[in-house]
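Remarks on the structure that follows.
See the structure below:
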């Protein structure tokens, strides 16, 4: 079904370039985990992480430029974002690169937001539109992780990257939590001002 995306309506198209990039990012996740936790090929793991971040930015850009925003993309893109962040955080905790409590804060934020999806589904509404500040927060986290990974080596460059990575981690975590609050605020407005459909409305649908 073709729709006018300028009005904020998403199409039902599945085979789009942005969706393909999201699938590629999804396939990169197990490769990254293997490289980081298996042979500990940090250089290749770093390359995969950077490629994932680049395609994350590119798929959103192409969706707008090519007018290929779709319902599947609106669901798939943030899902892959969350999976990428969660798996990378878990791997970094295992490697001892970041403290466990940072991962708990970031993953906890995603779990809370996942719970708010019930509010939208119960009212027959689509998931909320992506907050681009939230995408920026994810991007900062995804930049922070390779910087911290590069800082684990033994070189003057690694010594310089460590405080940079730590500062980015603090900034990205704060931004991640802040945008989580914005999503919660959106969900609270929906819960207060949009009533779930009645049984009669559900049956007629």
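In the working numbering, the protein residues as written are -2 to 202.
We treat Cβ as the ideally placed atom computed from N, Cα and C, and that holds for glycine.
May I ask you to report which of helix, strand or coil DSSP gives residue 8? strand
Only counting runs of 4 or more residues, tell me where the alpha helix (DSSP H) segments fall wholly within the stretch 70 to 145, in order along the chain. If we require 4 residues or more, the alpha helix (DSSP H) runs fully inside the stretch 70 to 145 come out as 97 to 119.
Distance, Cα to Cα, residue 91 vs residue 190? 43 angstroms
contact_flag[the stretch 29 to 37, the stretch 77 to 94] where n(CB pairs < 8 angstroms) is 3 or more: yes
In angstroms with no decimal places, state the Cα-to-Cα distance between residue 144 and residue 193. Roughly 46 angstroms between the two C-alpha positions.
Is the distance from the Cβ of residue 50 to the Cβ of residue 15 below 8 angstroms? no
Using the C-alpha atoms, what's the distance from residue 103 back to residue 174? The straight-line gap from Cα to Cα measures roughly 7 angstroms.
Could you tell me the alpha carbon to alpha carbon distance between residue 185 and residue 132, rounded to whole angstroms? 21 angstroms
Just to confirm before moving on: does the CB-CB distance between residue 13 and residue 81 stay below 8 angstroms? no
Pick helix, strand or coil for residue 38, following the three-state DSSP scheme. DSSP places residue 38 outside both helix and strand once states are collapsed to three, so it counts as coil.
Since residue 153 is in the alpha helix (DSSP H), which residue starts that stretch and which ends it? 153 to 190
Quick one, which of 119, 55, 180, 100 has its alpha-carbon nearest residue 22's? When C-alpha distances from residue 22 are compared across 119, 55, 180, 100, the shortest belongs to 55.
Nearest-angstrom Cα separation, counted from residue 127 out to residue 134: 12 angstroms
Can you look up residue 19 in the DSSP assignment and give me helix, strand or coil? Residue 19 falls in the helix class under three-state DSSP.
Give me the residue from 170, 10, 183, 18 with the minimum Cα distance to residue 96. 170
When the Cα of residue 109 is compared with those of 176, 163, 18, 25, which residue comes out closest? 176
Does residue 77 pass the burial test, meaning 16 or more other C-beta atoms within 10 Å, or should it be called exposed? buried
Cβ distance (whole Å) where residue 25 is taken to contact residue 48 below 8 angstroms: 7 angstroms
Kindly list the residues whose CB is nearer than 6 angstroms to the CB of residue 121, restricted to its own chain and excluding five residues on each side of it in sequence; keep chain order. 194
Just the Cα atoms here: how many angstroms apart are residue 125 and residue 137? 22 angstroms
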